[in-house]
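What follows is a single structure, written as structure tokens, with notes after it.
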Amino acid sequence: MEIKIAHPNTHCKGSINITGSKSETNRLLLLQALFKGFELKNTSNSDDSQVMQKALQTSSDHINIHHAGTAMRFLTSYFSHQQGRSVTLTGSQRMQERPIRILVDALRSLGASIDYGKEDGFPPLKIHGKKLDGGKVELPADVSSQYISALLLLGPVLEKGLELHLIGKITSIPYINMTIALLNSLGVTTSFVGQVIRVLPIEEPKRATQIVESDWSSASYFFSIAALSDEAEIHLTSYRQESLQGDSVLRSIYKNLGVSSRFEGTTLILKKEDEPISSCIDLDLSEAPDIAQTIAVSCYGLGIGCNLKGLHTLKIKETDRLEALHTELNKLGASIRVTEKSLHLAAGINFKKNCSIPTYNDHRMAMAFAPLALKIPLKIQDVGVVSKSYPDFWEDLKKLNFQIN
7 MEIKIAHPNT HCKGSINITG SKSETNRLLL LQALFKGFEL KNTSNSDDSQ
57 VMQKALQTSS DHINIHHAGT AMRFLTSYFS HQQGRSVTLT GSQRMQERPI
107 RILVDALRSL GASIDYGKED GFPPLKIHGK KLDGGKVELP ADVSSQYISA
157 LLLLGPVLEK GLELHLIGKI TSIPYINMTI ALLNSLGVTT SFVGQVIRVL
207 PIEEPKRATQ IVESDWSSAS YFFSIAALSD EAEIHLTSYR QESLQGDSVL
257 RSIYKNLGVS SRFEGTTLIL KKEDEPISSC IDLDLSEAPD IAQTIAVSCY
307 GLGIGCNLKG LHTLKIKETD RLEALHTELN KLGASIRVTE KSLHLAAGIN
357 FKKNCSIPTY NDHRMAMAFA PLALKIPLKI QDVGVVSKSY PDFWEDLKKL
407 NFQIN
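Read left to right, the sequence shown gives residues 7 to 411 (the numbering used here).
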């Protein structure tokens, strides 16, 4: 379905309740399946988390996780250790084009029995669960951190625990630290020194209720809305000043784009400030690549330039996000260049009105471009794709007086 989206006066005031982090939820769902007996609150209502939960609860031997990349990586690890159970783990056509060999090879080195259903190195996977003892394993560090987290989450139930040696420059450290912190919250002993992460086995974890912090990636679109508004005060719940989520770096990034943020308890308050903003920003987003699309569109809407690097993982997401950004921002009138791992946007305002933005089956393309309706009327295609991470997105925009037809 295609929508038309616009805003009558570029003034945005309101309160939005964003559900739990997808990243935290999926990690805790896996740990909950490994260690029965603790409760989760404020979990994500995203498709990805629902798919993850359903897969962990099903007795079927054929599991389709559709577009959920996190679920594919985490469940590959989980089912490899489920003794006596054989499953075929598959996904959408795009999922079957996303590489998984690095994780499979690492699990095989621990004794896992995993075969490829079609093309070597890609889903679907045929997994024959068996008891894995654990021990030492090596993994390239400059790939998706989800491979690393998938192994770390399994560590505490392995007899020998896990000693993970990371080779090369480590990517997306905040997501690794999130996994380690959640393990620690259950009483698991870990260490992360240099390029080596150790996870010790545990028999009786702490079973206290785990409350998931709201999702900072989802908050990014409201930072963008505040930046592109003439006037804005937006209240977001429920957040923590000391967040486990790497995307909380939004606060410092958007300060340079005219948005102040402060806490009142667990409410994060965003406000548009009437202050000069940078003419160009330079950012390394290797530790927060999921907010690159939002930042690029914000800069385009503000007429400022940006040089974003550390984006190599965007090539293997739901779509090639760098090429998708290049195509759509160029269509709108931007002067933009991308490489295999960076994006370069020239300063200047040149808006082509009433463009129709395809979403490439990527939830973040839809949501990153929506705030631009504060500057020019837009059409956005296949809007249902937002359910992957933020099903309430379009209804929440209406609370800020966006007009959606």
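All C-beta atoms, glycine included, are put in the ideal place defined by N, C-alpha and C.
Going by Cα to Cα distance, which pick from Asn-407, Gln-251, Arg-268 is closest to Leu-242?
Arg-268
Rounded to whole angstroms, what is the Cα-Cα separation between Ile-22 and Gly-307?
23 Å
On the CB-based measure, 16 or more other CB atoms within 10 Å of its CB, does Ser-65 come out buried or exposed?
exposed
In angstroms with no decimal places, state the Cα-to-Cα distance between Pro-211 and Leu-138.
19 Å
Thr-162 vs Phe-128 beta-carbon contact at 8 Å:
The amino acid at residue 162 is misidentified as Thr; the sequence shows Pro. For Pro-162 and Phe-128, no; Cβs fall outside 8 Å.
Would Leu-35 count as contacting chain D if we go by Cβ distances under 8 Å?
Within the model displayed, chain D is absent; a lone protein chain is all it includes.
Using the C-alpha atoms, what's the distance from Gly-97 back to Ala-74?
8 Å
Straight-line Cα distance separating Gln-89 from Leu-378:
50 Å
Segments of 3+ residues assigned as beta strand (DSSP E) that fall wholly inside the segment 196 to 259:
196 to 199, 202 to 205, 237 to 243
Residues bridged to Thr-273 by DSSP?
Thr-243, Glu-270
Which same chain residues, not among the five before or five after Lys-10, have their C-beta less than 7 Å away from its C-beta?
Pro-383, Lys-385, Asn-411
In this structure, how does DSSP classify Lys-132 when only helix, strand and coil are distinguished?
strand
Less than 8 Å between the CB atoms is what I'm expecting for Glu-279 and Tyr-245, so what's the real figure, rounded?
Contact doesn't hold; Cβ gap of about 20 Å is too wide.
Spatially closest choice to Glu-273 from Lys-28, Leu-289, Leu-170, Asp-221, by CA coordinates:
Correcting the residue identity first, residue 273 is Thr in this sequence and not Glu. Per the Cα distances, Asp-221.
How many whole angstroms separate the CB atoms of Ser-92 and Ile-154, which I take to be in contact at a CB cut-off of 8 Å?
The Cβ separation is near 26 Å, so there is no contact.
Nearest to Ala-233 by alpha carbon, out of Glu-8, Cys-18, Met-373?
Cys-18
In whole angstroms, give me the CA-to-CA distance for Ile-301 and Ser-230.
7 Å
With which residues is Arg-327 paired in a DSSP beta bridge?
Answer is none; Arg-327 lacks a bridge partner.
Contact check, Leu-317 vs Ala-298, beta carbons under 8 Å:
yes
If you reduce the DSSP assignment to three classes, tell me which class Asp-368 lands in.
coil
Sequence-distant residues of its chain with Cβ nearer than 6 Å to Ala-12 (five each side left out):
Ala-379, Pro-383, Gln-409
Just mark Ser-197 as buried or exposed, buried being the case when its beta carbon has 16 or more other beta carbons within 10 Å.
exposed
Compute the Euclidean distance between the alpha carbons of Ala-294 and Asn-15, then round it to the nearest angstrom.
32 Å
Span of the beta strand (DSSP E), counted from its first residue to its last, around Val-57
From DSSP, Val-57 is part of no beta strand (DSSP E) but of the alpha helix (DSSP H) over 53 to 63.
Burial state of Lys-32, where buried means 16 or more other Cβ atoms lie within 10 Å
Note that residue 32 is Asn in the sequence shown, not Lys. With 16 or more Cβ atoms within 10 Å of its Cβ, Asn-32 is classed as buried.
Per DSSP, what kind of secondary structure is Gln-99 in: helix, strand or coil?
coil
Please state whether DSSP places Tyr-122 in a helix, a strand or coil.
strand
Answer yes if the segment 74 to 86 comes into contact with the segment 51 to 61, meaning at least three C-beta pairs across the two stretches below 8 Å, and no otherwise.
yes
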